[in-house]
Amino acid sequence: ATIDVFESLIFEQRMKQMKFMKEHFDKNTITPVFRDFLNNQISYHYFELLLLYSIAKSDDPTGLKASRIPDIMLSEMNSLQLMDERDINSPAYRRFLSNYIRYNTSAQNSFVKFTDYSDMLEREYSYALRYLSGEPFNYWLANELFNYCDKASPETVQKLHRALTQSDLKGDYAKAVSSKCQAEITAKVVKKEKPKEEAEIKEKESKTKEPRKSSQPFTLIDLKGNKVYLDDFKGKVIYVDFWASWCGPCRQQFPYAKELHKMLSPEHLKQVVFLYISIDNDEITWKNAIEKNGIQGFNTLSPGGWSSSAAQYFGVHSIPRYMLIDKNGNIADPNAKRPSSGQEIINDIVRLIKQ
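Numbered per my numbering, the sequence shown finishes at 386, counting up by one with no gaps.
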C-alpha cells in the first residue's frame, strides 16, 4: 500500500477509537487526566504506525532509501508531548518515541538507510540528546542498546552505555542492558595505531616545529577566529557554560547569567571569566545566537555538536552544562550549579577566588 492508502487506513482506525471514547465516556465517568491519557494513547499509536511506514517501506527501487512522510500528515504530531514521563510505561508511547528518533535521524541523513549499525546508533544518540532527557531518554537509549548492541561495534556500545549509566541514576535500565550486552560492554577496544612511517614523520615534524602554546586536546575559537586555550585564563576562576543555539533550557539561563555579573563586586569580577563554549555546527548560527541572546562573557565555539572536541573531552552529554575551574586550571566542579541558583553559585565562585 502507498503512504496515502496506509494513512487512510490508520486514520480511519483512529477516528473509530475517538468515536468510541466519545460515546462511552462522559465527563462524569472519567477524570480529565485519564481522558487526556486515553486520547494521547490513540495519538501515539497513530503516529508510531505512520512513522514506522517510513522505516519499513521504501518507494526507492533500490530499497536503500526510506520513505519521506508528507509534512501535512505529520503537522498534528508537533502538538504531542515528546517528553512525557507520565506515559513512560505505555507501549504506544515507547514505540512512538523510538520511531520518532529514528525517523528524524533518517531525515537528517536524506532518508538514506544506514548500513552500519554503529553509525546509526551514534547519529540517533546525537539527535536524542537534543530532545530527550530523564526517563524518556533513559528508556530510549536502553532500548536501542538492548536491540542493537550485538550488531554495533564495542566502542560505540561502550560509549552509549557510559552515557546511560551517567543518566540512569537508579540503574534499572543500565542493569537490563548489561545483562544482554555484557560481552560488548567488557570487550577490549583496540585503538588503531598509525603506520610506522607516518608516526616517524610526525615525530620529526614535532622536533622541527616551534613548541605549541598548549597541549590542550580540544579546539576553541573566539569571535575573531583565534584559538583559545584554558591556559590563557590561568590565575582567574572560570565559570564554563556549555550551550548551543538550538537548546531551549540554555537560553532560559542567559538572563540569570547576566544577573550574576551584578552580584559580584568589581574586584571579584576582575578575577572571574564567564566562558561560554558553544557546540553549534557553524559560526554564523553561533554568532547570531550570541547577538540575539545578548550573551555577556567570553564566547568561544567548539563546532560539531556532541562530537565536538570540547564535548568529547569533558564528557558533555547534555546541555546546559556548567563547570568551575580554579585559578590553577584544575576542574573544581565538573557539574557546577546553574546561573538560576543565584547566590549559591556566587558563593562557589567567591570561595574559589579566595583560595
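Positions of the beta carbon are idealized from the N, C-alpha and C atoms, including for glycine. All of these numbers come straight from a predicted model, not from anything done at the bench.
Alpha carbon to alpha carbon, how far is residue 50 from residue 182? 43 Å
Have a look at residue 341 and residue 66 and give me their C-alpha separation to the nearest angstrom. For residue 341 and residue 66, the distance between alpha carbons rounds to 46 Å.
Which partner residues does residue 400 have in the DSSP bridge list? Because the chain spans 32 through 386 in this model, residue 400 falls outside it and cannot be assessed.
Alpha carbon of residue 83 to alpha carbon of residue 253, nearest angstrom: Taking the straight line joining both Cα atoms gives about 43 Å.
Cβ-Cβ distance between residue 248 and residue 344 below 8 Å: yes
Which residues does DSSP pair with residue 344 in a beta bridge? For residue 344, which the question treats as bridged, DSSP gives no partner whatsoever.
Nearest to residue 218 by alpha carbon, out of 166, 161, 276, 184? 184
Over the uninterrupted beta strand (DSSP E) stretch that includes residue 364, give me the two end residues. 362-364
Between the beta-carbon of residue 389 and the beta-carbon of residue 114, is there less than 8 Å? An answer regarding residue 389 cannot be provided, because it is not within the stretch 32 to 386 covered by the chain.
Please return the same chain residues whose Cβ sits closer than 8 Å to the Cβ of residue 133, not counting the five positions on each side in sequence. 82, 86, 155
Anyone know if the C-beta pair for residue 121 and residue 72 falls short of 8 Å? Cβ distance < 8 Å, so residue 121 and residue 72 count as in contact.
So that I know if they touch, is there some Cβ in chain E lying closer than 8 Å to that of residue 53? Of the protein chains in this structure there is only one, and it is not chain E.
Tell me whether the beta-carbon of residue 149 lies closer than 8 Å to the beta-carbon of residue 196. For residue 149 and residue 196, no; Cβs fall outside 8 Å.
Could you check what DSSP says for residue 102 in three-state terms: helix, strand or coil? helix
C-alpha gap between residue 103 and residue 44, whole angstroms: 19 Å
Quick check on DSSP: helix, strand or coil for residue 119? coil
Identify every run of the alpha helix (DSSP H) within the segment 151-205, keeping only runs that are complete inside it and at least 4 residues long; order them along the chain. Here the runs fully enclosed are 165-179, 185-198.
Excluding the 5 residues flanking residue 339 on each side, which residues of the same chain have their C-beta closer than 6 Å to its C-beta? 310, 333
Between the CA atoms of residue 301 and residue 322 - distance to the nearest angstrom: 24 Å
Residues near residue 173 in its chain [Cβ-Cβ closer than 8 Å; skip 5 each side]: 195, 199, 204, 205, 207, 208
Just checking my contact of residue 368 with residue 379 at CB under 8 Å: how many whole Å lie between their CB atoms? Contact between residue 368 and residue 379 holds, since their C-beta atoms are separated by about 7 Å, short of 8 Å.
Quick check on DSSP: helix, strand or coil for residue 36? helix
What three-state label does DSSP hand residue 272 in the structure shown? strand
Helix, strand or coil for residue 61? Go by DSSP, reduced to three states. coil
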